[in-house]
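Visitor:
In my numbering, the protein residues as written are 10 to 314.
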């Protein structure tokens, strides 16, 4: 296909149609009349040799070819937009840039709501896209590939191309249901090990921080269930006699705090707090919009702390 014959406005129209699935609403989204959008759709069909969208009772339905094109074209448009908006002065109130942030499970629950609220107030036309990741290496891969502008996750080793900024820490607590028998006893190591446990293991390796400490003591706990989703744990704990050792913030963010008891871990199990940091790629270091985004994330996290 000869790129010289492609009108960028047609790709903008395609993206709007994918989002709205309605010609009139798509036109409103990008400031075009309904006839102009219909004409753009006709040109797109001719250019791409596909119907692209067919009418149905629920609106326009994309064809397989349209679905195939949607993500690559959206990424291309976002990349062009970011490039054109690179100026020495970033005006958040006028910008229509789209930021992409990589978030692990915990920050998605504890940081994202406050960040979205702040961005909607200061930059009402800025869009926010979230990419999830589990392991730190996954976050670095997103940043290296340019698939994320920044990422919030646990602290890792030093990587020169990926600067970091400390954001907040989370301490570990032992969690039980409100009327668990252990809430009436002193939390000794033997009492702790006499119970069955739930292990949150995002990486799926089946070994938690507690197990590492216990191995040094030549002790072992009885793990009844292992799951990767931290925020699924409180509901299971609230309805069982299992114990879980997890980050305190996840308990408060679960909406089940009134059904749970927070217990101190046995003195033999001393776990350091988990530091969460902001990662970004060094190529974005001086970008005014990126710098502004990092400032907003840091501010939100300081208020959280």
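All C-beta atoms, glycine included, are put in the ideal place defined by N, C-alpha and C.
How many Å lie between residue 284 and residue 182 at the Cα?
Guide: Approximately 15 Å between the Cα atoms of the pair.
Visitor: Which partner residues of residue 65 appear in the DSSP bridge assignment?
Guide: Answer is 68.
Visitor: How should residue 299 be labelled, buried or exposed, when 16 other C-beta atoms within 10 angstroms of its C-beta is the threshold for buried?
Guide: Buried, by the Cβ-count rule.
Visitor: Can you tell me whether residue 106 is buried or exposed? The criterion is at least 16 other CB atoms within 10 Å of its CB, across all chains shown.
Guide: Under this definition residue 106 is a buried residue.
Visitor: Are the stretch 173-188 and the stretch 241-251 in contact at 8 Å, needing three or more beta carbon pairs?
Guide: Yes: at least three Cβ pairs fall under 8 Å.
Visitor: Ends of the beta strand (DSSP E) at residue 159?
Guide: First-last of the beta strand (DSSP E) with residue 159: 159-163.
Visitor: If you compare alpha carbons, which of 301, 310, 311 and 309 is closest to residue 99?
Guide: When only C-alpha atoms are compared, the closest one is 301.
Visitor: Within its chain, find whatever has a CB closer than 8 Å to the CB of residue 19; leave out the 5 residues flanking it on each side and keep chain order.
Guide: These residues qualify, in order along the chain: 49, 52, 53 and 56.
Visitor: Say whether the stretch 113-120 touches the stretch 144-162, bearing in mind that this needs 3 or more beta-carbon pairs closer than 8 Å, one atom from each stretch.
Guide: The stretch 113-120 is in contact with the stretch 144-162.
Visitor: DSSP beta-bridge partners for residue 269?
Guide: Bridge partners of residue 269: 186.
Visitor: Assess contact between the stretch 190-204 and the stretch 226-235, defined as three or more Cβ pairs (one per stretch) separated by less than 8 Å. Is contact present?
Guide: Touching, yes.
Visitor: Along the beta strand (DSSP E) that carries residue 251, what are the first and last residues, could you check?
Guide: Looking at the DSSP string, residue 251 is not in any beta strand (DSSP E), and its letter there is neither H nor E.
Visitor: State yes or no: is the C-beta of residue 153 within less than 9 Å of the C-beta of residue 290?
Guide: Yes, they are a contact pair.
Visitor: Per DSSP, what are the beta-bridge partners of residue 23 in this structure?
Guide: DSSP output for residue 23 lists no bridge partner at all.
Visitor: My understanding is that residue 137 touches residue 128, with C-beta atoms under 8 Å, so please give their C-beta distance in whole angstroms.
Guide: That belief holds up - the Cβ atoms of residue 137 and residue 128 are roughly 6 Å apart, short of 8 Å.
Visitor: Report the option in 178, 84, 212 and 125 whose CA atom is closest to the CA atom of residue 142.
Guide: It is 212.
Visitor: How many Å lie between residue 25 and residue 36 at the Cα?
Guide: Each residue's alpha carbon lies about 8 Å from the other.
Visitor: Which residue or residues does DSSP assign as beta-bridge partners of residue 108?
Guide: DSSP, once it has assigned bridges, lists 137 as partnering residue 108.
Visitor: Could you give the distance in angstroms between the alpha-carbon of residue 224 and the alpha-carbon of residue 175?
Guide: Their backbone Cα atoms lie some 30 Å apart in a straight line.
Visitor: Is the stretch 69-78 touching the stretch 27-35, taking contact as three or more C-beta pairs under 8 Å?
Guide: Enough Cβ pairs lie closer than 8 Å, so yes.
Visitor: By Cβ distance, which residues of its chain are closer than 7 Å to residue 266, with the 5 residues on each side in sequence left out?
Guide: Result list for residue 266: 260, in chain order.
Visitor: Just to confirm my understanding: we take residue 157, look at its own chain, exclude 5 residues before and 5 after, and list those with CB closer than 8 Å. What are they?
Guide: These residues qualify, in order along the chain: 109, 110, 111, 140, 148 and 151.
Visitor: Can you tell which of 93, 303, 119 and 268 has the C-alpha that lies nearest to the C-alpha of residue 178?
Guide: The option with the nearest alpha carbon to residue 178 is 119.
Visitor: Rounded to the nearest angstrom, what separates residue 222 and residue 278 at their Cα positions?
Guide: Taking the straight line from one Cα to the other gives about 6 Å.
Visitor: Kindly indicate which three-state DSSP category residue 174 falls into: helix, strand or coil?
Guide: Note: residue 174 maps to strand in three-state DSSP.
Visitor: Note down, in chain order, each residue of its chain lying with its Cβ closer than 6 Å to the Cβ of residue 198, except the 5 sequence neighbours on either side.
Guide: Cβ neighbours of residue 198 beyond the five flanking positions: 275 and 277.
Visitor: Which term fits residue 263, buried or exposed, when burial requires 16 or more other beta carbons within 10 angstroms of its beta carbon?
Guide: It counts as buried.
Visitor: With 9 Å as the threshold, decide whether the Cβ of residue 53 is near any Cβ in chain C.
Guide: Structure shown: chain C not included; a single protein chain is present.
Visitor: Determine the burial state of residue 85: buried for a count of at least 16 other Cβ atoms within 10 Å of its Cβ, exposed for fewer.
Guide: Result: exposed.
Visitor: Does residue 258 pass the burial test, meaning 16 or more other C-beta atoms within 10 Å, or should it be called exposed?
Guide: Its Cβ being crowded by 16 or more others within 10 Å, residue 258 is buried.
Visitor: With DSSP run on the structure shown, which of helix, strand or coil describes residue 42?
Guide: In the structure shown, residue 42 sits in coil (DSSP, three-state: anything other than H, G, I, E or B).
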